[in-house]
Every structure is written in structure tokens, then in C-alpha cells.
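Q:
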Amino acid sequence: NFLNTILNEIEELVYYAPEYRTSPPYITIPVVESGIPTIVYETYSYEPMERTYDLSEKLVQVIDNLKF
Numbered sequence: 051n052f053l054n055t056i057l058n059e060i061e062e063l064v065y066y067a068p069e070y071r072t073s074p075p076y077i078t079i080p081v082v083e084s085g086i087p088t089i090v091y092e093t094y095s096y097e098p099m100e101r102t103y104d105l106s107e108k109l110v111q112v113i114d115n116l117k118f
């Protein structure tokens, strides 16, 4: 699946699903229900901006090379 491909390509990226989540009702669920193919990428709120930028760039590169 796409998630495993992305995680295999970007070593620094990890899948984390906290017990209590706040964004699904506002982001994930509405997007899924709309039928729009989407990847939701969230970052740690105190993550250094440079790290966020670096991981975002890598994520875009991997997604651009996915075979749909």
C-alpha cells in the first residue's frame, strides 16, 4: 500500500496514531467522505521548521513517483 511505500522511502518519517486525536473530525473524515484521494500529513507542533520542510520535500518526491 502507499503508506508502507512512503514509510520505506523516508526513514525519518514514522506512522504515529495517538489514542486521542483532534483532527479527524475536521480533516480526515470529511476528506475521506468526499471521495478525494488524499494523504494527510501532520507534524509535531514543536518540530523545527527546517525538519518539517525537509520531510515535506521528501514526501512530495515520493508521492510524485508513486504508481497509481
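Under the working numbering, think of the first position of the sequence shown as 51, with each following residue one higher. Beta carbons: idealized from backbone N, C-alpha and C, even for Gly.
1. Using CA atoms only, rank isn't needed, just tell me which of K117, S84, L105 and L116 is closest to T93.
2. Determine the closest residue to E107 out of N54, E62, N51 and F52, with distance taken between C-alpha atoms.
3. Along the chain, which unbroken stretches of the alpha helix (DSSP H) at least 4 residues long are found entirely within the stretch 76-109?
4. Nearest-angstrom Cα distance between I79 and I89?
A: So, from the listed chains and residues:
1. The residue given as residue 93 occupies position 43 in the sequence shown. Closest option to T93, Cα to Cα, is L105.
2. Position 57 of the sequence shown, counting from 1, holds the residue named residue 107. Closest by alpha carbon: E62.
3. 78-84
4. One-based indexing of the sequence shown puts residue 79 at position 29. One-based indexing of the sequence shown puts residue 89 at position 39. Straight-line Cα distance between these residues: approximately 12 angstroms.
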